[in-house]
Amino acid sequence: TGNSLYAAGVNAGVNLEKYFKTPIPVSVGIGYSWIQLTLTQFEVEPINGPSVISTWNASQTLQNLTIALGTEYWLRLGIGYNFKWIGSTLAPFYPTDGIPAVEGKAIAHDYGITLDIPLIDIISRMKNQDIQFGRFTFPVADLSFSYTRNNIGDGIYYLTPANTQPFPREAVLGLSAVFGLRSQVDNRPWTLISFTWASEAEDNLVSISGVPTPLQGGDTAYTNVVSYKSGLGDIAPIDNLIFGRTNGNVDLRRGWQLQLAEFLYVRGGSFTGESSPDYSTLGLGLGLDGLVKILAAYDLVDIDRPGIYSFIVDHLDLQYDYSEYTGESYATGTNFQSLNLMI
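In this note's numbering, the protein residues as written are 990 to 1332.
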């Protein structure tokens, strides 16, 4: 049988300013997710015959518990910490009597920080005057920076600690920009148009070197020693993020999105790096919330009165997304579709 991916999650957040007297707005959030990748079914056959005596599915499981803190005072700052519980089952047995299942379990964690600079809001506060085009149209211009450090932990092993493999510890640096126009319809905020551009550089911080040990008879044994790069590793912020050039050690991901009336989303992206073949993506999305706002703007539906339309705008959104690989990648033609209900 083929591979199967299962995922589920739940999250919640609260604005502490609503319940406590905080000097600046502070929000906290917590989330949990469970992901399992079930791999192709394997069959066990005896040496002297083609009959199948047993089957099993290898699997990889990941559980995440994330805690985040956000605040806003001219700038928007977010800090997050993620705990990971990792499980890996390669086989329910080992082909030697008395050896248990080939399983590995480990704990790791990530942390990160984001900084959002709302340029138009800052200028408006400095001038003590809103910047707007017409009566209900306002420009949007935001810059965002992010830094995360992922997979911090000793590693995972199967059968014995001597087989420990280090986690792929990573440094990830991101930059994005959003420009657009926002308005309102029946006192609800409405983004008329926006263009988002994002660039992300990722470096694997793990370095493995062999330390020689002389043996009797003139032979030499090598022991792997694991070390980690510090800071950003080999990431060059300007060269990688702005100009999109890689240096052979850094993976680059770049993407863009054009959004119209919160209804239509057109997206594109690309990957360049050493960890996998280069590829490009193209996709689109549709949002029910934006469609209702368009109808309300032309007085075709009423979202001022309680009813299904006001409920959709205030509490619910249904989004359809489609994307596919393009270019010369081996995955060209592979497509993805999703339907998301947000309440």
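By construction, the Cβ of each residue, glycine as well, lies at the ideal position given by its N, Cα and C atoms.
For Ser1219, there is no enclosing beta strand (DSSP E), since its DSSP letter is neither H nor E. In its chain, beyond the 5 residues on either side, Glu1159, Val1161, Asp1240 have a beta carbon closer than 6 Å to the beta carbon of Glu1191. When DSSP states are grouped into helix, strand and coil, Gly1206 belongs to the helix group. Restricting attention to beta strand (DSSP E) runs no shorter than 3 residues, the segment 1007 to 1081 encloses them at 1015 to 1033, 1043 to 1062, 1064 to 1080, ordered along the chain.
For Arg1177, DSSP records a beta bridge to Val1174. In this structure, DSSP gives Ile1111 a helical state, which the three-state scheme calls helix. In the three-state reduction of the DSSP assignment, Ser1264 falls in the coil class, being assigned neither a helical nor a strand state. Of all alpha-carbon atoms in Thr1270, Met1331, Asn1139, Ser1312, the one lying nearest the alpha-carbon of Phe1300 is that of Met1331. Within the DSSP secondary-structure output, Arg1294 pairs in no beta bridge.
Around the C-beta of Gln1248, 16 or more other C-beta atoms lie within 10 Å, and the residue is accordingly described as buried. In this structure, the beta-carbon distance from Asn1152 to Asp1099 does not fall below 7 Å.
Counting along the chain, Leu1132 sits inside no alpha helix (DSSP H); it lies in the beta strand (DSSP E) bounded by residues 1127 to 1141. CA-CA distance, Thr1044 to Ala997, rounds to 27 Å.
The continuous alpha helix (DSSP H) containing Ala1285 extends over residues 1277 to 1286. Under the Cβ criterion (8 Å, minimum of three pairs), the segment 1249 to 1258 counts as touching the segment 1171 to 1182. Residue environment: Glu1032 is assigned as exposed (fewer than 16 neighbouring CB atoms within 10 Å of its CB, all protein chains considered). Burial check for Phe1260: the Cβ neighbour count within 10 Å reaches 16 or more, so the residue is buried. Going by C-alpha positions, Gly1020 is about 48 Å away from Pro1039. In the structure shown, Leu1194 adopts coil according to DSSP, grouped into three states.
The Cβ neighbour count for Phe1156, taken over all protein chains shown within 10 Å, is at least 16; the residue is labelled buried. Contact annotation: Val1015 and Thr1055 have beta-carbon atoms that are not nearer than 7 Å. Counting along the chain, Asn1324 sits inside the beta strand (DSSP E) bounded by residues 1324 to 1331.
With the rule of 3 Cβ pairs closer than 8 Å, the segment 1277 to 1286 counts as touching the segment 1299 to 1316. For Asp1228, DSSP records no beta bridge to any residue. Annotated three-state conformation of Ile1301 is helix, per DSSP. The C-beta distance from Ala1187 to Gly1244 rounds to 5 Å, short enough to meet the 8 Å contact threshold. For Asn1238, the three-state secondary structure derived from DSSP is coil. Between Arg1171 and Phe1127, the gap from beta carbon to beta carbon is short of 7 Å.
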